[in-house]
Every structure is written in C-alpha cells, then in structure tokens.
Amino acid sequence: MSELYQNESDVLNERAILVSVILPGSDTPGGQADNDDPLGELRSLVQTAGAKIAGEMIVRRSRIHPGLYIGTGKAGEIAEAVEDAEANLVVFDADLSPAQIRDLEKIIQCRVLDRSEVILDIFAAHARSREAKLQVELAQLEYTYPRLRHMWTHLERIAGGATSAAASVGGIGTRGPGEKQLEIDRRLVQKRVSELKRRIAEIDKRKQRTIKSRRGNFLICLVGYTNAGKSTLMNLLTDAGVGVADKLFATLETRTRRWNLGDGQIALLSDTVGFIGKLPHHLVASFRATLEEVIGADLLLHVADASAPGVEQQIQAVKVVLDELECGQKEQLLLLNKTDRIIDPTVRTVLVDKHPGAIFTSASTGENAQAVIEAVLQKVQGRQIRVTIEANCANGLLMQYIAQHARTTDREYHDSNVTLEATISEQHLAKLNAFGKDVKIMTDIEK
Ligand SMILES: Nc1nc2c(ncn2[C@@H]2O[C@H](COP(=O)(O)OP(=O)(O)OP(=O)(O)O)[C@@H](O)[C@H]2O)c(=O)[nH]1
Ligand SMILES: [Mg+2]
0 MSELYQNESD VLNERAILVS VILPGSDTPG GQADNDDPLG ELRSLVQTAG
50 AKIAGEMIVR RSRIHPGLYI GTGKAGEIAE AVEDAEANLV VFDADLSPAQ
100 IRDLEKIIQC RVLDRSEVIL DIFAAHARSR EAKLQVELAQ LEYTYPRLRH
150 MWTHLERIAG GATSAAASVG GIGTRGPGEK QLEIDRRLVQ KRVSELKRRI
200 AEIDKRKQRT IKSRRGNFLI CLVGYTNAGK STLMNLLTDA GVGVADKLFA
250 TLETRTRRWN LGDGQIALLS DTVGFIGKLP HHLVASFRAT LEEVIGADLL
300 LHVADASAPG VEQQIQAVKV VLDELECGQK EQLLLLNKTD RIIDPTVRTV
350 LVDKHPGAIF TSASTGENAQ AVIEAVLQKV QGRQIRVTIE ANCANGLLMQ
400 YIAQHARTTD REYHDSNVTL EATISEQHLA KLNAFGKDVK IMTDIEK
C-alpha cells in the first residue's frame, strides 16, 4: 500500500471501507439511524471528514468477538476488500477498544478507526472558537490519544515511513491537536488534560455569569440532530447570518441572538451543536460548556429532519442526550423540518399521529414560520396572572423589567414606591421575585 502515499494529494485521498456490525435484536446497530440503510449515517460522517467511500460491509454476528470485535474470518474478508478496492482506511460504526483496533490493524494491514474517532476528527476540523478548540483537544487527548499512540508505532512497522507523511498532511483521526501530543510522554499528556480542564472550567464559569446576566430574558434553544436545519431556522427566524452547511456538525459553537416575537415580546434564541446517536459519554461531558445554554434555557425548540428515513431514531437519540444533560423535562416544542423534501404524503400522516403537538416547518420555504412564532409566543407569555405589584421606583432595573414584561392597567405612586395593577406571565412573575425586598407581589386577585 505504500505506493498510495507517493505524494501529498495521494495521502489526502483517503479511501475508506465502512463496516457495520449487526447483532441479533439490535435495531440500531452501532448507533446508525436508519434500519433500511444501516451505513447511511457513517457514510455522511466519513464524507464530511473528507474521505471517499471505497466499499461497505455489513457483518451479522450472534455476539461481539471479545478480541477483534468481529471474527478472524470476517477480518480476513475485510483485508481482501481493502486490497481489491485499494482502500487505505477501515471505519467501524461502533466504538472499539484500543486493543481491538491494534489487533484488527494487524490482520487488515491498514488504519482502522471507530465512529467516535471520525466524529472527533470532524469536531477538530470545524472548531473555530477558543472554547471549541480546547474542548476538542481535551476529548482527543482522552479518547484518541491511547489509540493514536499504538496506531503510530504499529503503522510505522506496517507501512514504513508512510505514516509520517500521513501525519504531516493529516487524514481522518490525525487532525487537530491530538497528533502533536503523540511524541509527548504520557505524564505530560496528563498535565495537559488537567490544564485544559481548568481552562474549560474558567470559560464555563464566565458563561454561567453571562447566562445569569441574561436573567429576566426568556431563553430559547434550538436543539436537535446534526444537519436537521437548526442554523437555517435560526437565520429564518432572527436574520442571524449563522453558517449553514450540508455537513454533519457544521455548528460547533453556540450563537445567541435577540428574537423579536412581536406583541412587545423579545426572547433570546440560541443555536447549538448538533447531537448524534451514541455520542461517547465523556464527549458529551467535554461539550457541556457549549451546551450550557441548553441547560439554562426556558424553552427548547427540538428540530428534526422530517425527510430523513431515520427521523424517529434521531428524535430518540436527541432525547437521550437531553436526558444526559438533565434537560429532558424542560418545556419543548418539536419542529419537524425539511417538509419540502417529503414526497410521500403518508410520511406526514404517520408523523402527525406520532407527534400530535409538533409543527411542520421548512426552513427553506419558510413554511409555518409564523406558526412557530405564535407557539413560542404562547409559551413565553405562559399563563397570564393578574397581580398587584408594589415596587421601589429607585430600582431602575426592576422598573425596566416591569415595563418590559408586565401589562399595567393601573398605577398609584406613594413616596418612592409605586403600586401597580398588572398582568404578567408565570415565568416573568417568578423572575420578578428575584428582585428581593424592592418588590412585593400580591396574587390574591389571580384569575
Ligand atoms: N430542503 C431543505 N433543506 C434544508 C432545510 N433546512 C435546512 N436545510 C439544509 O440542510 C442542511 C443542514 O442545515 P443546517 O442549518 O446547517 O443544519 P444544523 O442542524 O444547524 O446542522 P449542524 O450545525 O451540523 O448540527 C443545509 O444544507 C441546509 O440548507 C429545509 O427546511 N429544507
Ligand atoms: Mg448548525
């Protein structure tokens, strides 16, 4: 295979064979999202990471082989497929242990990557902000490093000097800061991990402060499977000018914009990193700071690609991640997006039955944008309550909050205080309480 590495462009021309292992009773092998096309998602991931698909294999097994993940015979078949297709990479739609990868590479005689390594590689290529870069570096050191380390020494043996060329120009699983650490001693890596954790925690704290300073605003977060159309919807709803791409994980950072809902209501809308099935637990943890907005949100807009054959599995995968973030019980609206792509009308009927409260949208044609605004407005305004508010006029922030969020029907001044008869939503009322002794609320005239 060394002739494949003759020059840089050859090295970049990665040709991958995809392997999915299906076990009995597992409907969603390896975290893929579509039973009719078990390798559909891995294919998109690998293409997004920049490799060409040279072949695909589906392996059915009664159980996982503890040493190799698949049996020796199957590993031999993959080795043959690699040779026939002139591939230089094999990607498994599962998470493999470093030892499994090492042993598979011995038989297959080329690089073997697992699903998480491909995802991390995409994250590394897409990370722009300092925060995202630190998070990717941490995740790579914790996950990829033990694998890369053995891979390097091993590949040096099987491919001669070829891998150093591969390292210098990059390939899937070698991009990002992880590769720089390869020569560094494990102890230094541990030191770097602690340093990264400390810096991420600092950013996290700053973020928490920003979120707190937005107290009084209604925070809405777009969440959903990667490529569902979150950023496109954000642009449609707020003219945000956020980057959109037909790639997985186009967005790696949260962006927040003011959203004028009309009727005097302003909310904040955040776009977030997309979710994916079977994201390794610590990867979710690394990106927790990025998802801080989700944790602090008052309402989640769950965007799903209604035209994707695996939409139900994608919706479930998002729910699993939300539960992991302890946000599963938050107020939510499901937006079934990309309706312009649905050709078969029964698809809609089935979705309506399954998700009665959902809104069908198309971020491309603008279908139902108004319906989304109205549904959100209802949530923002919540149940309106009539109250009597006694407030200290000297507290400017408090007066401003009342002016923005309460509808006053009557007011009476006495000394430095004002007594207002007003209508206010439950959420805003709860936040009004946070102004402490400067405000007294009487809800005895609740409707
Ligand atoms: N046909 C159609 N395409 C859409 C629609 N919404 C988004 N897209 C396309 O789908 C692709 C992904 O859209 P994004 O808005 O980047 O998706 P995202 O959910 O932000 O994805 P990540 O940031 O990668 O998680 C882009 O090519 C969009 O143009 C829609 O309603 N209809
Ligand atoms: Mg996006």
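Following numbering that gives the first Met the number 0, the numbering of the sequence shown begins with 0 at its first residue and continues without gaps.
All C-beta atoms in this analysis are idealised placements derived from N, C-alpha and C, irrespective of residue type, glycine included.
Assuming residue i contacts residue j (C-beta within less than 8 Å), just tell me the rounded distance between them.
i: Ala-124; j: Arg-14; result: Not really, about 18 Å apart at Cβ, beyond 8 Å.
i: Ile-423; j: Asn-432; result: That belief does not hold up - the Cβ atoms of Ile-423 and Asn-432 are roughly 11 Å apart, past 8 Å.
i: Pro-308; j: Asp-35; result: 6 Å
i: Val-310; j: Ala-316; result: That pair is no contact at about 11 Å.
i: Phe-248; j: Ile-63; result: Between Ile-63 and Phe-248 the Cβ distance is about 27 Å, and since that is not below 8 Å, they are no contact.
i: Val-58; j: Val-20; result: 5 Å
i: Leu-221; j: Met-233; result: 6 Å
i: Ile-210; j: Gln-134; result: 18 Å between Cβ atoms; not a contact.
i: Ile-388; j: Ile-401; result: 7 Å
i: Glu-325; j: Leu-298; result: Not a contact, Cβ separation roughly 16 Å.
Report all residues from its chain with a CB closer than 6 Å to the CB of residue i; omit the five preceding and five following residues, and keep chain order.
i: Thr-231; result: Val-243 and Ala-362
i: Met-56; result: Val-18
i: Leu-332; result: Leu-300 and Ala-374
i: Pro-321; result: Before going on, a small fix: residue 321 reads as Leu here, not Pro. Here the set comprises Gly-327.
i: Leu-251; result: His-125, Ala-126, Ala-131 and Val-272
i: Thr-408; result: Glu-420
i: Val-241; result: Ser-230, Met-233, Asn-234, Arg-254 and Asp-270
i: Lys-246; result: Thr-47
i: Gly-70; result: His-64
i: Lys-190; result: none
From this set, the options, which residue's C-alpha is nearest residue i's C-alpha?
i: Ile-275; options: Ser-43, Arg-198 and Asp-339; result: Ser-43
i: Ile-77; options: Pro-97, Ser-96, Ile-106 and Arg-101; result: Ile-106
i: Gly-261; options: Ser-61, Leu-22 and Val-379; result: Val-379
i: Gly-263; options: Asp-297, Ala-405 and Val-188; result: Ala-405
i: Gln-207; options: Leu-321, Ala-421, Arg-347 and Glu-291; result: Glu-291
i: Ala-370; options: Asn-336, Glu-201, Ile-69 and Lys-436; result: Asn-336
i: Ala-421; options: Asn-226, Asp-120, Arg-385 and Asp-245; result: Arg-385
i: Asp-270; options: Gln-403, Asn-259 and Ala-296; result: Ala-296
i: Gly-75; options: Leu-38, Ser-306 and Leu-103; result: Leu-103
i: Glu-323; options: Ser-306, Asp-245 and Val-293; result: Val-293
i: Lys-353; options: Leu-298, Ala-305 and Lys-277; result: Ala-305
i: Leu-95; options: Gln-377, Lys-204 and Pro-65; result: Pro-65
i: Ser-212; options: Gly-228, Leu-396, Ala-402 and Gln-313; result: Leu-396
i: Leu-22; options: Gly-49, Arg-60 and Asn-12; result: Arg-60
i: Arg-114; options: Thr-209, Thr-47 and Glu-82; result: Thr-47
i: Glu-425; options: Thr-209, Ile-388 and Gln-383; result: Gln-383
i: His-427; options: Glu-325, Lys-318, Val-188 and Ala-266; result: Ala-266
i: Ala-368; options: Trp-258, Val-349, Val-351 and Leu-350; result: Trp-258
Is residue i near ligand 1, going by C-beta to nearest heavy atom under 6 Å?
i: Thr-47; result: no
i: Ser-96; result: no
i: Asp-339; result: yes
i: Val-243; result: yes
i: Ser-128; result: no
i: Gly-75; result: no
i: Asn-367; result: no
i: Asn-394; result: no
i: Gly-309; result: no
i: Asn-336; result: yes
i: Ser-269; result: no
i: Ser-424; result: no
i: Gly-240; result: no
Got a sec? Which residues, its chain only, sit under 8 Å from residue i by beta carbon, not counting five neighbours each side?
i: Val-192; result: Leu-137, Leu-140 and Glu-141
i: Glu-366; result: Thr-338, Asp-339, Phe-359 and Thr-360
i: Val-45; result: Ala-15, Leu-17, Ile-52, Val-90, Val-117 and Ile-171
i: Ala-80; result: Ile-16, Gly-54, Met-56 and Ala-86
i: Cys-392; result: Met-398, Tyr-412, Ser-415, Asn-416 and Val-417
i: Lys-196; result: Leu-137
i: Gly-356; result: Leu-332 and Leu-333
i: Arg-410; result: Val-417, Thr-418, Leu-419 and Glu-420
i: Leu-376; result: Leu-260, Gly-261, Asp-262 and Gln-264
i: Arg-205; result: none
i: Leu-38; result: Leu-17, Ser-19, Gln-31, Glu-55, Ile-57 and Asp-92
Any heavy atom of ligand 2 within a distance shorter than 6 Å of the CB on residue i?
i: Ala-227; result: no
i: Ala-491; result: Nothing about residue 491 can be read from this structure; the chain reaches only from 0 to 446.
i: Thr-360; result: no
i: Ser-230; result: yes
i: Thr-250; result: yes
Chain D beta carbons: is any one of them nearer than 7 Å to that of residue i?
i: Ser-96; result: The question asks about chain D, but that chain is absent: this structure has only one protein chain.
Spatial neighbours of residue i within its chain, please: C-beta separation below 7 Å, excluding the five flanking residues on both sides.
i: Leu-67; result: Ala-74, Gln-99, Asp-102 and Leu-103
i: Thr-448; result: The structure shown does not extend to residue 448, since the chain is modelled only from 0 to 446, so the question has no answer here.
Beta strand (DSSP E) runs contained entirely in the stretch 249 to 281, provided each spans 3 or more residues: Here the runs fully enclosed are 254 to 261 and 264 to 270.
Report the residue ranges of all alpha helix (DSSP H) runs contained in full by the stretch 53 to 119; include only those spanning at least 4 residues, in chain order. 71 to 84 and 97 to 107
Runs of beta strand (DSSP E) lying entirely within the stretch 361 to 396, each at least 3 residues, in chain order: 383 to 391
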